[in-house]
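**Student:** Residue numbers (my numbering), protein chains in the order written: chain B, 1 to 291; chain E, 1 to 488; chain Y, 1 to 308; chain C, 1 to 413. Where a beta carbon is used, it is the ideal one built from N, C-alpha and C, also for glycine. Okay, here's the structure, questions in a sec.
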Amino acid sequence: MLALQILIDGFAISALYGLGAVGFTLLFGVSGVLNLAHGGIMVIAALIGWQAAGGLGLGTWLGSAVGVLAALVASYATYFVVVRPIQRSRAIPREETEIFVLTGTLLWGIMIQVGMAYFYSDNPVTMRPLIDGVTNIAGVRTPTNEILIAVISWVAIGLLWLLVNRTRAGKALLAASINPRGLVLLGFELDRIYLMVWTIYGVLAGIAGVLLASFLGVGTSNIGNLTASAFSIVVMGGLGSVSGSLVAAYVVGYLETFTAYEIAPTLRPIPALILLVLVVYLRPQGLLGRR
Amino acid sequence: MSQGLLEVAGLHKRFGGLVAVKDIGFTIAPGEILGLIGPNGSGKSTVMKLIMGIERPNAGSVRVGGQEVAGWPTHRIARAGIGIVFQHSRPLHRQTVLENIKLAMLPDSLLRLAASSHIEARAREIADLVGLSEVLYRHPPTLPFADLRRMELAKAIARDPKVVLVDEPFAGLTAAEVRAFSDLIAGFRAQGRAVLLVDHNVKGVTALVDRVLAMYLGERVAEGSAAEVMANETVRRVYLGGKIETHARPELDARPGRPLLDVRGVSVLYGKAQALQDVSLHVREQEFVSVVGLNGAGKTTLFNAICGLVPYFGNIAWDGQELRGRKAATIARGGIVQCPETRELFGDMSVRENLELGGQHLTAAERRSQFDWLYALFPILPARARQAARTLSGGEQQMLAIARALMMKPRLLVLDEPTLGLAPVILEQLSKALSELRRTTPITVLLGEQNVTFALPHADRVYVLEHAQIVWEGDPARFAEEAGAGYL
Amino acid sequence: MARALRSPALWIALVLLLLAVSLPWWVSAYILGVLTVSYYFGVFAMAWDLLFGFANEVNFGPTFLIGLGAYTAGILDNTLGPPIFVCVAAGALVAMIGGVLLALPALRLRGPYFGLVTLVAVLLLQNAIVIFASVTGGEIGMNVNDILSVNAVTNYWIALVFIAVCGALLFGLSRSAVGLILQASGQDAIEAAALGFNVTKHKLAAFCVSALFSGLAGAMLVFYEGTASVGTVIDIAIAVQIIIAAVLGGRRTILGPAIGAIILVLAGEELRQLGQLNTFVVSAVALAVILFFPDGLLGHLLRRGERG
Amino acid sequence: MSKQGWLRPTLFAGAAAFAFATAAQAEEPIRIGVIGEESAVAGASLTRAAAMAADDINAHGGVAGRKIELFTYDDHSSAADAVRAFQRAVSQDHVVAVVATYISEVALALEPWSARLHIPFITTGAASNEISRQVHEHYDRFKYTFHGWLTSAFIAQSICDAEHDLLVEPFRMKTAVIMSEDAAWTTPLDVRYEECLPKAGLQVLDHIRFNPDTTDFAPIFRQIEAKKPDVIITGISHVGVQPTVQWRDQQVPIPMAGQSSQATTSTFWKDTNGAANGVITASAAAPGVAITPLTIPFSEAYQKRFGDSPSYSGYTTYDAIHVLADAVKRAGSTDADKLVAAMEQTDMVGTVGRWQFYGRNDQFTHAIKYGPGLITGVTLQWQDGKQVTLWPAGAANGKVKFPSFIHLPAASN
């Protein structure tokens with residue numbers, strides 16, 4: 001019974017973690033960027049979606065769409081205002097671009113956090129559930145919304161998989177993550193590829209954001225944690241490895257849920273953190289990473 | 001065995017499956033200079049790293065003045081008396097030349113915060129010796145390339161090592177500078193140090209070395225005086241190959257009208273190193289033109305300039321139009337397709353996927369016909385279609401790389417070092433494929449090679465590139481007697 | 001060392017120092033109070049720069065070291081209550097141990113991986129403090145019984161002397177033989193080793209020194225503010241501020257980061273009228289600096305000097 | 001760059017000093033510092049209410065002819081920023097007293113400074129017992145600090161009293177599970193819960209503390225359900241929206257009562273999309289509830305001026321300013337020690353009840369007195385988008401009402 005509960009509760013939250021992390025890792029894989037404004041972009045989607053749905057009365061679904069759109073815009077802004085200028089700057093030595101992108105996106109994330117807090121206060125908000133009511137799974141009363149969220153997350157991830165492995169554009173994306181130079185030699189414009197990956201990233205982060213708002217509720221004060229957890233999950237799974245991130249997301253999600261049930265709700269985040277340190281230390285390339 | 005300052009014996013190094021160094025051994029006596037030569041991928045640089053402890057040998061011994069140092073951490077080996085002059089290094093940008101030299105003399109201690117006084121004086125002496133006295137207080141970023149190399153040399157001298165390893169001592173230097181450096185290195189002999197010069201070919205180091213050891217594919221192929229090694233059969237085969245047969249088609253170049261590709265006075269600078277100097281060449285429709293030259297001569301740079309991958313001075317015209325300012329991808333789509341020496345395959349993707357990416361811009365029908373044609377040209381590929389490119393053998397990877405490039409239906413195929421590190425059997429297959437290509441299609445090819453046997457049979461015309469300049473141009477048939485010797 | 005005297009950075013710093021000395025006679029106690037805090041931040045930033053600028057290790061968690069120092073000192077003071085300087089020393093010591101712990105992964109991991117470990121270290125410390133609330137006061141923090149002084153001017157002098165001494169030591173170190181070796185190791189470990197330097201040893205030392213000063217400053221800050229809390233000495237936001245300060249002032253200059261920190265704190269205070277938006281403005285400015293003067297303010301000046 | 005950094009403020013200081021010097025000839029205003037945080041609902045109410053209080057007082061001729069002048073600062077909920085703001089208020093803006101913060105961490109960080117700088121300081125929202133304990137233990141050092149809101153212990157007490165009247169009596173509830181965030185302010189709260197809930201007739205079946213950063217509450221609710229209590233007694237402030245939403249989504253059949261600070265804010269219904277329906281929480285006051293004759297006028301005026309209703313810290317701050325003004329009047333001076341002495345004598349009716357402070361011999365020195373006829377706080381419930389007051393009976397304007405998914409003991413057994 002308890003095991004089943006953990007199984008069910010852990011599933012949706014893990015799926016959400018996964019969805020949040022997948023875009024992040026894809027972005028790194030293809031363009032080598034670790035976007036520390038990640039949490040900020042998710043929260044933009046959540047807050048604007050919430051306002052569109054409630055304040056502007058567009059309803060949950062339309063509102064969510066608006067939220068995702070907002071995240072997309074934010075993702076473009078991150079690329080064009082922060083990341084690309086840094087990558088192209090002559091004044092920044094090649095070997096230091098990485099740390100500069102990290103610092104830059106970090107600052108950008110703070111700007112987003114404070115800016116959003118200015119308009120929406122730092123109270124967490126929640127989208128109305130996409131569907132109301134609860135479903136009884138073998139005696140475990142589960143919000144139907146939670147099930148739907150897990151489903152949507154997986155559909156989104158599935159679509160991503162199809163895009164990358166079945167479409168021409170996706171193949172190019174995959175190729176870029178393996179060997180960008182080779183791609184240029186075949187006459188592909190890397191700029192287009194990057195634009196595409198930032199688009200995908202924006203949409204994924206947006207969906208994750210609105211789902212989070214509808215599932216658990218989210219506010220500007222969560223931004224730090226959201227970024228940190230995406231970062232850790234991605235590193236744990238192996239930077240750039242999509243499947244790795246998914247595995248890691250479930251490991252973390254279940255570990256947290258299990259801790260909350262079996263050990264103590266106060267210790268919820270700790271085992272995951274310790275595990276992360278161990279993984280990074282003993283297997284720096286991550287669970288499924290190659291290097 | 002003779003009492004040498006540096007004694008290397010039975011050195012072995014494996015990287016995963018491939019054996020990079022196989023049972024290499026030699027001795028260098030005090031005041032002796034040994035040249036270690038071999039083409040790229042022959043493992044000579046690895047040998048140097050193994051001696052210095054940058055890589056750990058799987059087996060073998062390295063003795064300095066009788067002391068076994070194999071497997072030690074680099075800094076202890078250095079303290080044991082081995083110094084190295086890197087080809088590329090990153091000096092301290094915020095410190096002056098003088099400080100950079102002093103750095104090399106500091107003790108490896110956390111407590112000695114201030115450098116002792118005599119160091120200053122010594123550093124100045126060394127600076128004078130290598131000819132840096134003019135620029136003592138300049139910062140490295142503001143120095144010309146030759147002076148940077150001088151500084152590296154100075155740092156090595158400052159450590160007063162018993163053994164000095166020098167990696168490609170003359171790369172990127174002008175004739176005058178080469179002379180100056182030769183004298184400095186000769187100076188080591190006078191000081192009774194043991195010197196190991198690592199370079200691509202004998203020619204560069206003949207004047208300097210007492211003995212030469214030639215490597216190929218990780219193995220020792222010859223040892224002896226420079227003259228002996230140059231005369232050695234195997235060495236000749238490695239560099240020149242054996243007997244050369246050629247079938248040029250001079251009529252092609254004789255045709256009137258403007259050439260398809262026209263390179264005029266192109267120069268390229270890497271930082272401060274002159275990688276390409278006022279190079280001019282042209283390629284006509286359907287011609288097979290070979291650019292032969294050793295690694296580091298500038299072939300790859302030339303090709304990258306043509307493909308828009310590096311900035312250059314001078315002009316490159318494609319089918320009458322200036323290429324300057326076009327993005328690499330645009331040029332590639334415009335018909336100039338490069339198959340680089342690094343191959344740049346998509347390792348985790350299947351052979352078929354690699355080819356499909358090459359044919360992205362084709363219609364489905366075109367792609368199908370291309371597939372059929374290429375699969376016929378390289379029969380091994382269809383058998384491997386589902387396999388990940390990473391898992392292919394070197395030869396198969398090379399064929400895939402070429403096939404992928406051809407998939408794009410190029411008007412000009414730029415083929416850079418296709419033979420790099422490949423076994424003779426594979427070379428034959430590649431060679432067949434090229435002649436096939438030449439016979440059956442109107443394609444134009446610009447081939448860069450250091451392996452002349454491979455390059456010449458397919459060439460209508462040959463250019464020889466040396467020290468960033470074109471030094472010879474002409475009919476492959478005349479190559480052997482006119483350029484061959486100078487080439488070794 | 002001879003050249004250290006020729007360094008423009010040193011002269012800029014000296015001029016600013018003289019200025020700082022003169023302040024108590026003509027600015028309000030409040031501004032002295034703000035500067036006092038900014039000086040401790042200055043030391044944080046300098047210690048961070050020693051790791052990043054010289055050893056080339058990107059430490060996202062300087063507050064891990066600072067927090068260790070601060071809380072050790074605070075807890076010691078509230079329990080055994082030895083003289084303040086003993087508590088501060090203890091804090092510095094514990095921070096140093098923390099530094100070694102941090103160095104272990106650093107010597108194995110590269111770039112983002114190490115960065116993440118430092119980040120996690122902070123989160124773990126943060127959680128630990130909440131869990132052991134009985135001694136640490138949990139997230140609402142702890143008041144320490146003793147403080148350095150109530151008098152703003154006295155506090156100012158203490159902080160000024162502190163930053164001056166730390167600055168001198170760190171700057172001297174960075175220009176000393178060891179500093180050179182460290183810089184070489186950071187820039188090209190292989191070549192440094194080939195010159196006969198034990199890179200591991202020097203990097204480890206760098207971590208210890210950086211940790212030592214972070215811990216010291218952290219402990220001092222506690223005894224100045226009279227409270228230690230997650231929000232004031234451990235929170236990631238503080239770490240970010242320190243990093244911004246270093247980048248703003250100019251990495252690899254030791255003194256630049258200190259100046260950056262002071263500017264940052266003052267700016268934050270100046271813009272207090274903007275309420276919550278001041279953080280936004282400060283971050284935006286910092287971002288602009290990163291984009292347009294990646295060398296930072298002092299770094300920019302020095303670069304000019306070198307080119308000339 | 002750094003030059004103007006410190007030059008500019010000095011100029012301000014100089015100018016300000018000059019201005020006040022001249023003003024002093026006439027009636028020098030009483031300067032009071034207010035430290036809040038704009039981006040938090042409670043923090044914003046705090047500064048706004050202070051402004052209203054000052055305006056009201058000044059409109060009625062000020063204090064013995066002296067106007068009240070406020071200096072407002074934003075501390076971003078950071079102790080460090082608050083300390084700096086406090087220093088600025090004292091040494092640059094020369095305030096005579098400071099009203100600040102609803103966050104215990106910040107209040108505790110400010111307390112030693114009010115002691116060092118001898119500046120009376122009232123916190124109008126923090127709950128930690130520590131604040132008044134320190135005053136009690138080191139009276140001479142900390143006597144300048146006053147606790148303008150119920151301590152955790154008294155919040156717990158008022159909740160026990162309220163739940164007894166609201167749940168135990170009418171619904172025959174017998175058992176409860178305590179669910180509180182693992183924070184310093186809840187430690188004393190829980191201690192008092194443990195002892196007063198049984199007295200109130202609710203046997204405590206279990207006691208769950210969780211990490212304040214928790215976002216997924218499903219496990220916690222399931223654990224609680226397994227215990228089959230009649231009611232969940234909360235002690236949450238850092239979280240609020242999330243547990244409430246999941247309580248609704250998961251349709252946890254057990255009512256939530258106790259202290260949920262976020263639920264006292266007017267935006268809570270919107271933030272939770274109505275999941276708040278049926279949530280019961282303690283608060284200082286509620287809109288449209290006449291705890292005293294002053295309550296409604298204030299909340300309506302606030303509503304008119306700022307568009308939403310004040311959170312609990314708004315009411316207490318509004319009163320605190322009046323308490324200060326009243327103390328200044330009685331002390332006839334702004335001298336810190338005289339002021340403290342006067343404040344200790346405070347007996348004044350405000351918007352949340354009748355203000356008195358415990359003396360130095362009471363356990364909670366300088367905290368406001370709790371009890372019927374003094375200050376009890378109110379207990380309210382979200383019903384269809386409105387906060388309905390249920391307790392104390394005198395102020396009640398509605399009855400307890402639970403959403404459909406709640407099983408009441410009557411039904412269940």
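What does DSSP give as the partner residues of C:I233 in its beta bridges?
**Tutor:** Residue numbering aside, residue 233 of chain C sits at position 233 when the fourth sequence is read from its first letter. Bridge partners of C:I233: C:I178, C:A257.
**Student:** Taking Cβ-Cβ distances shorter than 7 Å, what residues in chain Y pair up with C:P112?
**Tutor:** What you label residue 112 of chain C is simply residue 112 of the fourth sequence in a count that begins at 1. Under the 7 Å cutoff, chain Y gives N143, G226, T227.
**Student:** Does the segment 345 to 353 of chain C touch the segment 234 to 242 of chain C, meaning 3 or more C-beta pairs lie closer than 8 Å?
**Tutor:** With the cut-off at 8 Å, the segment 234 to 242 of chain C and the segment 345 to 353 of chain C do not touch.
**Student:** Could you say if the segment 454 to 461 of chain E and the segment 246 to 259 of chain E meet the contact criterion of at least three C-beta pairs nearer than 8 Å?
**Tutor:** With a cut-off of 8 Å, the segment 246 to 259 of chain E and the segment 454 to 461 of chain E count as touching, because enough Cβ pairs lie within range.
**Student:** Which runs of the beta strand (DSSP E) fall wholly inside the segment 146 to 178 of chain Y and span at least 3 residues, in chain order?
**Tutor:** The segment 146 to 178 of chain Y contains no whole beta strand (DSSP E) run of 3 or more residues.
**Student:** So within the segment 141 to 224 of chain C, which uninterrupted alpha helix (DSSP H) runs reach at least 4 residues, ignoring any that extend past its ends?
**Tutor:** Correct list: 152 to 163, 186 to 200.
**Student:** Can you find at least 3 beta carbon pairs, one from the segment 442 to 461 of chain E and one from the segment 409 to 419 of chain E, that sit closer than 8 Å?
**Tutor:** The answer is yes - the segment 409 to 419 of chain E touches the segment 442 to 461 of chain E, with three or more Cβ pairs under 8 Å.
**Student:** Have a look at the DSSP bridge pairing and note the partners of E:G35.
**Tutor:** Counting from one through the second sequence, the residue named residue 35 of chain E turns up at place 35. DSSP, once it has assigned bridges, lists E:L197, E:V212 as partnering E:G35.
**Student:** Pick from E:A186, E:Q387, E:L400, E:T363: whose alpha carbon is nearest that of E:Y375?
**Tutor:** As a working mapping, residue 375 of chain E is identified with position 375 in the second sequence. Per the Cα distances, E:L400.
**Student:** First and last residue of the beta strand (DSSP E) that includes B:A230?
**Tutor:** Taking the first sequence and counting its residues from 1, the one referred to as residue 230 of chain B is at position 230. It is not in any beta strand (DSSP E) - B:A230 instead sits in the alpha helix (DSSP H) that spans 223 to 237.
**Student:** Within the same chain, show all residues whose beta-carbon is closer than 7 Å to that of E:E466, passing over the 5 residues directly before and after it, in chain order.
**Tutor:** For the purposes of this step, residue 466 of chain E is identified with residue 466 of the second sequence, where counting begins at 1. G293, A297, listed in sequence order.
**Student:** Does the CB of E:K44 have a neighbour CB from chain Y at under 8 Å?
**Tutor:** Here residue 44 of chain E refers to the residue found at position 44 when the second sequence is read from its first residue. It does not; no Cβ of chain Y falls within 8 Å.
**Student:** Mind the definition here: the segment 115 to 126 of chain Y touches the segment 54 to 61 of chain Y only if three or more C-beta pairs lie below 8 Å; say whether that holds.
**Tutor:** The segment 115 to 126 of chain Y is in contact with the segment 54 to 61 of chain Y.
**Student:** Closer than 9 Å between beta carbons: that is the criterion. Which residues of the segment 52 to 83 of chain B meet it against chain Y?
**Tutor:** Within the segment 52 to 83 of chain B, the residues whose Cβ lies closer than 9 Å to some Cβ of chain Y are V81, V82, listed in chain order.
**Student:** For chain Y, is any of its Cβ atoms less than 8 Å away from the one on B:P284?
**Tutor:** Reading the first sequence from its first residue, position 284 is the one you call residue 284 of chain B. So, interface residue.
**Student:** Determine the closest residue to C:C160 out of C:V135, C:V231, C:W149, with distance taken between C-alpha atoms.
**Tutor:** Here residue 160 of chain C refers to the residue found at position 160 when the fourth sequence is read from its first residue. Out of C:V135, C:V231, C:W149, C:V231 has the C-alpha closest to the C-alpha of C:C160.
**Student:** By how many angstroms is the C-alpha of E:R189 removed from the C-alpha of E:L29?
**Tutor:** Indexing the second sequence from 1 puts residue 29 of chain E at position 29. Indexing the second sequence from 1 puts residue 189 of chain E at position 189. Note on residue identity: the sequence assigns Ala, not Leu, to residue 29 of chain E. About 10 Å.
**Student:** Give the range of the beta strand (DSSP E) segment to which E:W373 is assigned.
**Tutor:** Translated into positions along the second sequence, residue 373 of chain E becomes position 373. First-last for E:W373: 364 to 377, but that is the alpha helix (DSSP H), not the beta strand (DSSP E).
**Student:** Mind pulling the chain E residues with CB within less than 8 Å of Y:E57?
**Tutor:** Translated into positions along the third sequence, residue 57 of chain Y becomes position 57. Within chain E, no residue comes near Y:E57; the closest Cβ sits about 17 Å away, beyond 8 Å.
**Student:** Could you say if the segment 194 to 208 of chain Y and the segment 63 to 72 of chain E meet the contact criterion of at least three C-beta pairs nearer than 8 Å?
**Tutor:** No, the segment 194 to 208 of chain Y does not touch the segment 63 to 72 of chain E.
**Student:** Y:E139 CB to nearest chain C CB: under 8 Å?
**Tutor:** The count along the third sequence starts at 1 and reaches residue 139 of chain Y at position 139. Judged by the 8 Å Cβ criterion, Y:E139 is in contact with chain C.
**Student:** Report the neighbours of E:Q429 on chain Y: residues whose CB is nearer than 7 Å to its CB, in chain order.
**Tutor:** For the purposes of this step, residue 429 of chain E is taken as residue 429 along the second sequence, with counting starting at 1. Per Cβ cutoff of 7 Å: no residues; E:Q429 is ~39 Å from chain Y at best.
**Student:** May I ask you to report which of helix, strand or coil DSSP gives Y:A103?
**Tutor:** Working through the third sequence from its first residue, we reach residue 103 of chain Y at position 103. The answer is helix: DSSP assigns Y:A103 an H, G or I state.
**Student:** In chain order, what residues of the segment 349 to 373 of chain C put their CB closer than 9 Å to some CB of chain Y?
**Tutor:** So the list is empty, because no residue satisfies the distance condition.
**Student:** Given this structure, state the Cα-to-Cα distance separating C:R192 from C:F357, to the nearest angstrom.
**Tutor:** To locate residue 192 of chain C, count along the fourth sequence from 1; it is residue 192. To locate residue 357 of chain C, count along the fourth sequence from 1; it is residue 357. Roughly 20 Å separates the two Cα atoms.
**Student:** Can a CB atom of chain B be found closer than 8 Å to the CB of Y:V117?
**Tutor:** Numbered from 1 along the third sequence, position 117 holds the residue referred to as residue 117 of chain Y. Taking Cβ atoms only, chain B reaches closer than 8 Å to Y:V117, which makes this a yes.
**Student:** Below 8 Å between beta carbons: does that hold for Y:C166 and Y:V265?
**Tutor:** For the purposes of this step, residue 166 of chain Y is taken as residue 166 along the third sequence, with counting starting at 1. For the purposes of this step, residue 265 of chain Y is taken as residue 265 along the third sequence, with counting starting at 1. Not in contact: Y:C166 and Y:V265 (Cβ atoms no closer than 8 Å).
**Student:** So what does DSSP say about C:Q87, is it helix, strand or coil?
**Tutor:** By one-based count along the fourth sequence, residue 87 of chain C stands at place 87. Reduced to three states, the DSSP call for C:Q87 is helix.
**Student:** Looking only at its own chain, which residues have a Cβ that is under 8 Å from the Cβ of E:Q286, when we skip the five neighbours before and after it?
**Tutor:** In the second sequence, residue 286 of chain E corresponds to position 286, counting from 1. Within the same chain, E:Q286 has close Cβ partners L252, P442, I443, T444.
**Student:** Tell me the DSSP secondary structure of C:A126 in three-state form.
**Tutor:** Within the fourth sequence, the letter at position 126 stands for residue 126 of chain C. Reduced to three states, the DSSP call for C:A126 is coil.
**Student:** Taking 8 Å as the CB-CB limit, is C:A21 close to chain Y?
**Tutor:** Here residue 21 of chain C is taken as the residue at index 21 of the fourth sequence, counted from 1. Residue confidence is low: C:A21 scores 40 on pLDDT, short of 50, so the model does not pin down where it sits. Its coordinate-derived value is still stated next. So, not an interface residue.
**Student:** Please determine, among Y:V37, Y:I190, Y:V285, the residue with the shortest C-alpha to C-alpha distance to E:I77.
**Tutor:** What you label residue 77 of chain E is simply residue 77 of the second sequence in a count that begins at 1. The candidate whose alpha carbon is nearest that of E:I77 is Y:I190.
**Student:** Using a C-beta to C-beta distance shorter than 8 Å, which residues of chain Y count as neighbours of B:L273?
**Tutor:** Taking the first sequence and counting its residues from 1, one reaches residue 273 of chain B at position 273. Ordered by position in chain Y, the residues that pass the 8 Å Cβ test against B:L273 are V120, L123, L124, N127.
**Student:** For chain Y, find out if any of its Cβ atoms is closer than 8 Å to the Cβ of C:W185; answer yes or no.
**Tutor:** Here residue 185 of chain C refers to the residue found at position 185 of the fourth sequence. Chain Y contact via Cβ: present.
**Student:** Given a cut-off of 8 Å, decide if B:L34 and B:F28 are closer than it, judged by their beta-carbon atoms.
**Tutor:** On the first sequence, residue 28 of chain B is found 28 positions in, with the first residue counted as 1. On the first sequence, residue 34 of chain B is found 34 positions in, with the first residue counted as 1. Contact flag set, yes.
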